[in-house]
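Trainee: First to last, the protein sequences are chains E and D. Under my numbering, the first sequence has 38 at position 38, and the numbering climbs by one with no breaks. Under my numbering, the second sequence has 486 at position 141, and the numbering climbs by one with no breaks. Pasting in a structure now, in structure tokens, and then I'll have a few things to ask.
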Amino acid sequence: MPWDEGLVNSLVYDRPDPSEGRVVSYVSAVNEALAIALEQDPSVFVLGQGVDDPTAMFGTTRDLAARFGPERVFDTPLSEESMMGVSTGAAMIGMRPVFMHNRPDFVLLAFNQLVTHASKFHFMDNGQTTVPVVVWAAIGRGWGSGAQHSQAIHGMLLGVPGLKIVMPSTPYDAKGLLLSAILDNNPVCVFEHRWLMKKDGVVPEGAYRVPIGKGIYRRRGRDLTIVGASHAIELAFQAATQLAPEGIDVEVVDLRTVKPLDEAIVLESLKNTGRLIAVDTAWMKGGLCAEIGCLAAEKGFGDLKAPIVRIGLPDVPTPAGYTLEQFYYPDAARIADAARRLVRS
Amino acid sequence: MTIRYPYKGHGADGFDRILHSHSTEQLVAWYRAMLRIRRIEEEIERRYHQDQMKTPIHLVIGQEAAAVGCCAALRETDLVYTSHRTHGAYLAKGGDLGRMLCEMHCRVNGCVGSRGGSMHLIDKSVGMAGTSAIVGGAVPIATGAALAAKMKQDDRVVVVFLGDATTEEGVTSESLNFAALRKLPVIFFCENNFYSVQSPLATRQPARDIRAWAEAHGMPAVSVDGVNILAVYNAVRDAVARARAGDGPTFVEVPVYRFRAHGGAGDDSKTGYRTEAERIVWEAVDPLQLFGAYLTRSAKLDRPAIQNMEHEIAVEIADAFELALASPNPTEEDLYRHVYAD
């Protein structure tokens with residue numbers, strides 16, 4: 001059992017309405033996407049430390065090795081850089097590897113191959129080669145994850161041409177975005193959030209795709225836009241729910257993909273509300289919040305009624321202790337406070 | 346003058362020690378391939394100062410037997426990956442010369458459309474499949490290609506050219522471990538030229554064989570004379586047979602010497618990181634001269650035949666440079682192509 005299972009189990013989410021369709025867990029949604037991809041395309045394979053062990057990467061790879069065989073779902077040596085290169089090399093000659101890490105922190109070991117090789121080859125060889133490789137990892141938070149098991153690294157990767165990054169916020173998106181990522185002909189990072197994994201949601205059976213590069217309105221509102229992805233959307237919703245009785249009408253934009261960024265939806269929503277809070281599971285500096293802020297300043301300045309607010313992590317490594325964590329991570333209350341200040345300013 | 350890395354092979358006698366049944370035609374074709382690479386490299390070097398080729402060059406003069414001997418043991422469908430020192434493998438694997446020189450002149454019809462330059466010569470049509478300008482970068486990629494070949498059961502063998510310094514990169518150890526674990530059809534072809542840029546092997550590695558280091562990863566490793574094309578060919582041929590039979594990877598070390606600087610035109614021994622005396626020792630076993638002398642001695646080749654080859658090659662090279670210089674430059678629009686695949 002993963003060491004943070006108790007924490008994740010204690011998280012409480014609203015139960016979706018079963019009248020809207022089949023309800024499954026986030027983990028099952030990911031598992032279904034992998035199973036469908038493996039079944040539909042013999043070039044798909046899944047690798048990563050422990051993908052075939054009893055814990056099964058939080059359950060996302062449950063039964064896949066038994067079902068599809070050890071040639072297509074396999075454990076790896078603790079060699080992140082090499083295995084990233086192996087995945088890249090296999091992808092370059094027609095395979096579709098899904099390389100899974102239980103935390104993005106381990107992807108940092110593979111940056112040379114991910115950033116300097118996988119993301120560049122299609123350009124460098126003038127389009128002769130495609131690199132359809134998926135890198136999957138779940139951002140950690142809490143239970144002492146600390147500085148080395150909680151990093152959300154998408155900000156560092158936003159400036160890497162040739163790379164795509166998706167960050168689902170619902171079980172529906174987790175399945176649909178992962179299927180899109182596997183079918184995409186480019187390297188795609190899929191960054192999940194550990195705290196979303198106990199979430200249930202309405203998820204259709206069978207294959208479907210959520211388009212990469214397109215955001216979605218999760219909630220329409222007049223007064224203020226909160227934009228983000230992944231677990232930040234959960235916080236945005238909680239904040240919007242707190243603010244509604246106060247007459248503050250929040251619009252929530254879920255980017256779904258953080259690279260390439262759906263600039264149009266951010267600017268459209270900004271035009272609608274005139275106020276913008278960018279929320280992220282990662283550091284504010286030089287990351288997604290910064291990029292959204294810059295986008296608004298550059299292309300939506302005339303629509304801004306108030307300064308942009310960034311809500312993310314301070315420029316501090318993640319502390320391991322429980323009390324320090326409470327100061328470190330933004331929550332819905334902090335987003336709601338910022339929203340009140342913005343609307344009343 | 347110090348000779349830190351003496352030549353330890355059998356020189357000209359080495360050819361007589363190798364029993365073979367290659368036809369005269371085959372041997373002459375290999376000689377011609379080596380001569381062609383030498384002359385192409387010399388012409389690139391001769392013109393480099395003109396600044397028409399705005400690309401970092403890493404010449405393979407002195408290492409031709411390694412490239413030709415290795416690629417001769419491969420099929421066209423087999424895949425080759427290299428480091429930044431690409432010219433020899435590209436040409437030996439059958440890469441198009443015209444498109445190579447167009448690439449080096451930054452033209453739109455270069456083999457990779459002016460996105461790669463000299464360090465990234467690729468011609469997928471002949472299995473010159475990928476390069477990396479990060480030392481060790483191509484090693485796991487080639488290993489992954491071998492994994493894919495094994496999964497697809499397409500009977501392909503993969504070779505990755507690496508240097509002595511590549512064995513110092515962690516990713517190389519990781520990749521050898523995985524290749525041995527999974528018995529992948531990959532050959533780690535190590536051209537040990539004793540220097541990484543200007544850093545000698547002795548300042549980078551303890552005094553132990555690279556061959557033994559490789560063997561510790563759980564695969565057969567051999568070391569053969571890199572100036573002797575027949576020795577190189579035999580070693581790679583055996584490794585290919587193992588790989589194709591499903592018996593897994595092999596590490597082949599070939600000590601060689603680059604007669605020129607790490608990068609650019611000319612030799613830089615005068616700067617003092619190595620001695621000219623050392624280069625001269627190795628020039629005495631110039632792989633092209635040695636093989637030519639052996640073929641002449643054994644009456645497989647004569648002076649007029651060599652002169653005829655020289656003439657044909659000179660014409661081919663002149664035509665290829667002419668093509669490159671007459672080819673169009675890319676446009677701004679070209680810059681934005683192929684960032685993402687459809």
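The beta-carbon is built from N, C-alpha and C at its ideal position, and this holds for glycine as well.
#1: Less than 9 Å between the beta carbons of I289 of chain D and G609 of chain D, yes or no?
#2: Leaving out five residues on either side along the sequence, give the residues of the same chain with a beta carbon under 6 Å from the beta carbon of E80 of chain E.
#3: List, in order along the chain, the chain E residues whose C-beta lies closer than 8 Å to that of V457 of chain D?
#4: From L34 of chain E to F506 of chain D, what distance separates their C-alpha atoms?
#5: Can you say whether H450 of chain D is buried or exposed, counting buried as having 16 or more other CB atoms within 10 angstroms of its CB?
#6: Whole angstroms are fine: how far does the CA of S28 of chain E sit from the CA of T61 of chain E?
#7: Please report the distance separating the alpha-carbon of V73 of chain E from that of D52 of chain E.
#8: Which of the residues in the region 76-90 of chain E, read from start to end, lie with their CB under 9 Å from any CB of chain D?
#9: Taking 9 Å as the CB-CB cut-off, is F121 of chain E touching chain D?
#10: According to DSSP, simplified to helix, strand and coil, what is G359 of chain D?
#11: Can the beta-carbon of I265 of chain E be found closer than 9 Å to that of I308 of chain E?
#12: Is it buried or exposed for D184 of chain E, if we count other Cβ within 10 angstroms and need 16 for buried?
#13: Rank D:L380, D:A510, D:A638 and D:S366 by C-alpha distance to the C-alpha of G481 of chain D and give the top, closest one.
#14: Hey, is V30 of chain E's beta-carbon within less than 9 Å of any beta-carbon in chain D?
#15: Is E71 of chain E close to chain D? Criterion is C-beta to C-beta, closer than 9 Å.
#16: With DSSP collapsed to three states, give me the class of N9 of chain E.
#17: Give the straight-line distance between the Cα atoms of N538 of chain D and T431 of chain D, rounded to the nearest whole angstrom.
#18: Would you mind stating whether R589 of chain D and D500 of chain D have Cβ atoms separated by less than 9 Å?
#19: What are the boundary residues of the beta strand (DSSP E) that includes F237 of chain E?
#20: When DSSP labels each residue in this structure, what does Y426 of chain D get in the three-state scheme?
#21: Please report how far the alpha carbon of L179 of chain E lies from the alpha carbon of F237 of chain E, in whole angstroms.
#22: Would a check of beta-carbon distances place Q113 of chain E closer than 9 Å to chain D?
#23: If contact means a Cβ-Cβ distance below 8 Å, which residues of the region 355-384 of chain D contact chain E?
#24: Along chain E, which residues have their Cβ under 8 Å away from the Cβ of R460 of chain D?
#25: Residues in the same chain with beta-carbon distance under 6 Å from A297 of chain E, minus the five sequence neighbours each way, listed in chain order, please.
#26: Does the beta-carbon of A66 of chain E have 16 or more other beta-carbons within 10 angstroms, so that it is buried, or is it exposed?
#27: Who are the neighbours of I36 of chain E on chain D, taking C-beta pairs under 8 Å?
#28: Looking only at its own chain, which residues have a Cβ that is under 6 Å from the Cβ of M379 of chain D, when we skip the five neighbours before and after it?
#29: Output needed for A434 of chain D: all residues of its chain with C-beta closer than 6 Å, excluding positions within five of it in sequence on either side, in chain order.
#30: Give the secondary structure of G274 of chain E by DSSP, where H, G and I count as helix, E and B as strand, and everything else as coil.
#31: To the nearest angstrom, how far is it from the Cα of L446 of chain D to the Cα of I385 of chain D?
#32: Given a limit of 7 Å on CB to CB distance, which residues of the region 158-170 of chain E reach chain D?
#33: Over the uninterrupted beta strand (DSSP E) stretch that includes P97 of chain E, give me the two end residues.
#34: Would you mind telling me which residues of chain E sit closer than 8 Å to H465 of chain D, beta carbon to beta carbon, in chain order?
#35: Closest to M57 of chain E by CA distance: which of E:D280, E:G69, E:N31 and E:P77 is it?
#36: Evaluate contact between the region 267-281 of chain E and the region 301-319 of chain E, counting only Cβ atoms and requiring at least three cross-stretch pairs below 8 Å.
Mentor: This is what the structure gives:
#1: Since the first and last residues shown for chain D are 346 and 687, residue 289 of chain D lies out of range.
#2: Along the first sequence, read from residue 1 onward, the residue named residue 80 of chain E stands at position 80. The answer, listed in chain order, is F106, L109 and A110.
#3: As a first step, residue 457 of chain D is located in the second sequence; it is residue number 112 there, counting from the start. Going along chain E in sequence order, the residues near V457 of chain D (Cβ under 8 Å) are M124, D125, N126 and Q128.
#4: Position 34 of the first sequence, counting from 1, holds the residue named residue 34 of chain E. Position 161 of the second sequence, counting from 1, holds the residue named residue 506 of chain D. About 35 Å.
#5: Position 105 of the second sequence, counting from 1, holds the residue named residue 450 of chain D. So H450 of chain D counts as buried.
#6: The residue labelled residue 61 of chain E in the question sits at position 61 within the first sequence. The residue labelled residue 28 of chain E in the question sits at position 28 within the first sequence. Approximately 9 Å, taken between the alpha carbons.
#7: For this step, residue 73 of chain E is matched to residue 73 along the first sequence. For this step, residue 52 of chain E is matched to residue 52 along the first sequence. C-alpha separation (whole angstroms): 7 Å.
#8: T76, P77, L78, S79, E80, E81, S82, M83, M84, G85, V86, S87, T88, G89 and A90
#9: Translated into the one-based positions of the first sequence, residue 121 of chain E becomes position 121. Chain D contact via Cβ: present.
#10: By 1-based counting over the second sequence, the position of residue 359 of chain D is 14. In this structure, G359 of chain D counts as helix in the three-state DSSP scheme.
#11: If you number the first sequence from 1, residue 265 of chain E lands on position 265. If you number the first sequence from 1, residue 308 of chain E lands on position 308. Against a cut-off of 9 Å, the Cβ pair of I308 of chain E and I265 of chain E comes out as no contact.
#12: Walking along the first sequence from the start, residue 184 of chain E turns up at place 184. Its Cβ being crowded by 16 or more others within 10 Å, D184 of chain E is buried.
#13: Within the second sequence, the letter at position 136 stands for residue 481 of chain D. The shortest C-alpha separation from G481 of chain D is found at D:A510.
#14: Counting from one through the first sequence, the residue named residue 30 of chain E turns up at place 30. Cβ-Cβ to chain D under 9 Å: no for V30 of chain E.
#15: For the purposes of this step, residue 71 of chain E is identified with residue 71 of the first sequence, where counting begins at 1. Closer than 9 Å to some Cβ of chain D, the Cβ of E71 of chain E qualifies, so yes.
#16: Counted from its first residue, the first sequence places residue 9 of chain E at position 9. Note: N9 of chain E maps to helix in three-state DSSP.
#17: Position 193 of the second sequence, counted from the first residue, corresponds to residue 538 of chain D. Position 86 of the second sequence, counted from the first residue, corresponds to residue 431 of chain D. About 15 Å.
#18: In the second sequence, the residue the question calls residue 589 of chain D occupies position 244. In the second sequence, the residue the question calls residue 500 of chain D occupies position 155. In contact: R589 of chain D and D500 of chain D (Cβ atoms closer than 9 Å).
#19: Position 237 of the first sequence, counted from the first residue, corresponds to residue 237 of chain E. Taken as a continuous stretch (DSSP letters only), F237 of chain E belongs to no beta strand (DSSP E), being part of the alpha helix (DSSP H) at H231 to L243.
#20: The residue given as residue 426 of chain D occupies position 81 in the second sequence. Y426 of chain D falls in the strand class under three-state DSSP.
#21: Here residue 179 of chain E corresponds to residue number 179 of the first sequence, with the count starting at 1. Here residue 237 of chain E corresponds to residue number 237 of the first sequence, with the count starting at 1. Rounded to the nearest angstrom, the two C-alpha atoms are 26 Å apart.
#22: Here residue 113 of chain E refers to the residue found at position 113 of the first sequence. Chain D contact via Cβ: present.
#23: none
#24: Position 115 of the second sequence holds residue 460 of chain D. What R460 of chain D touches in chain E: F123, M124, D125 and N126.
#25: In the first sequence, residue 297 of chain E corresponds to position 297, counting from 1. For A297 of chain E, where only same-chain residues beyond five positions count, there are no Cβ hits under 6 Å.
#26: Here residue 66 of chain E refers to the residue found at position 66 when the first sequence is read from its first residue. Per the 10 Å Cβ criterion, exposed.
#27: Numbered from 1 along the first sequence, position 36 holds the residue referred to as residue 36 of chain E. Under the 8 Å cutoff, chain D gives no residues; its nearest Cβ is about 19 Å from I36 of chain E.
#28: Counted from its first residue, the second sequence places residue 379 of chain D at position 34. Excluding sequence neighbours, M379 of chain D sits near E409, V413 and L633.
#29: The residue labelled residue 434 of chain D in the question sits at position 89 within the second sequence. The residues are A412, V425, T427 and F506.
#30: Working through the first sequence from its first residue, we reach residue 274 of chain E at position 274. It is coil, neither helix nor strand.
#31: Your numbering for residue 446 of chain D matches position 101 in the second sequence. Your numbering for residue 385 of chain D matches position 40 in the second sequence. Spanning the two alpha carbons is a distance of roughly 10 Å.
#32: P161 and G162
#33: As a first step, residue 97 of chain E must be located in the first sequence, where it is residue number 97. Start and end: R96 to H101.
#34: The sequence position of residue 465 of chain D within the second sequence is 120, counting from 1. Within 8 Å Cβ-Cβ: M124 and D125.
#35: One-based indexing of the first sequence puts residue 57 of chain E at position 57. Taking only the C-alpha atoms, the option nearest M57 of chain E is E:N31.
#36: yes
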